[in-house]
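In this note's numbering, the protein residues as written are 18 to 253.
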């Protein structure tokens, strides 16, 4: 039976999303405080609690304060509070130093992954989990199409890849943002909204605004994600 487009993600479903990671020595969760990563933290904690035996992996969480918004510090503290409630060790990492005047999103992303990789190694985690969603995948396909990418580029985001010796995993990649928001709302867990996600000066935001019209023509997020998956398989 198909899952409703806005149905919360159940604990049972979370177990299938994290299947295969039970034997890892540790997983670091990248949690910004937004709805997607907050759901990642919530589901990972529930999955971890449901695991039996002493050999279950340790899980950790980290939040990056990029120093770009004054609200970021409070949002990071809110994540720390939630992580403590869920009994997940958490650390706030700061992107320090001068910030570039152009290409801020690209530079922030590079700094974020650099800090997360270092933190994963510090705590002994072999896996780094991010909260990329079905919507992120679809938007990335559109971005790559607009840039004239070939098969490799249109394959977009991989569910599993490597980063600086770590396994980079994206367990929520086939789950829509609507379902993640429904999950945290049902659990009555608060989350933050980053205003930059609504700023039309960013290409991703502008393309996101086109998604409803594309969906009316049958080109919704799921079909774009299917295209990406098929192209990844073809690009061998």
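For each residue, glycine too, the CB sits at the ideal point set by N, CA and C.
Would you grab the beta carbon distance between residue i and residue j for me? Rounded to a whole angstrom, and I think it's under 8 Å.
i	j	result
residue 105	residue 67	Not really, about 14 Å apart at Cβ, beyond 8 Å.
residue 57	residue 136	Not really, about 16 Å apart at Cβ, beyond 8 Å.
residue 150	residue 197	6 Å
residue 97	residue 109	6 Å
residue 146	residue 204	The Cβ separation is near 18 Å, so there is no contact.
residue 95	residue 82	Their Cβ separation, rounded to whole angstroms, is 12 Å, which puts residue 95 and residue 82 out of contact at 8 Å.
State yes or no: is the C-beta of residue i within less than 8 Å of the C-beta of residue j?
i	j	result
residue 64	residue 91	no
residue 199	residue 25	yes
residue 285	residue 190	The requested residue 285 does not occur in the structure, where the chain is confined to residues 18 to 253.
residue 69	residue 43	no
residue 152	residue 193	yes
residue 222	residue 52	no
residue 54	residue 148	yes
residue 85	residue 125	yes
residue 173	residue 161	yes
residue 99	residue 112	no
May I ask you to report which of helix, strand or coil DSSP gives residue i?
i	result
residue 80	strand
residue 50	coil
residue 41	coil
residue 233	helix
residue 18	Reliability fails at residue 18, whose pLDDT of 47 lies under 50, so the model's placement of it is uncertain and no value is given.
residue 189	coil
residue 178	strand
residue 195	helix
residue 155	helix
residue 238	helix
residue 36	coil
residue 146	strand
If you count every other CB in all the chains shown that lies within 10 Å of the CB of residue i, and 16 or more means buried, which is it?
i	result
residue 188	buried
residue 242	buried
residue 248	buried
residue 154	buried
residue 215	exposed
residue 169	exposed
residue 210	exposed
Segments of 4+ residues assigned as alpha helix (DSSP H) that fall wholly inside the segment 53 to 119: 89 to 102
Contained alpha helix (DSSP H) runs [length at least 4] in the segment 200 to 233, N- to C-terminal order: 220 to 233
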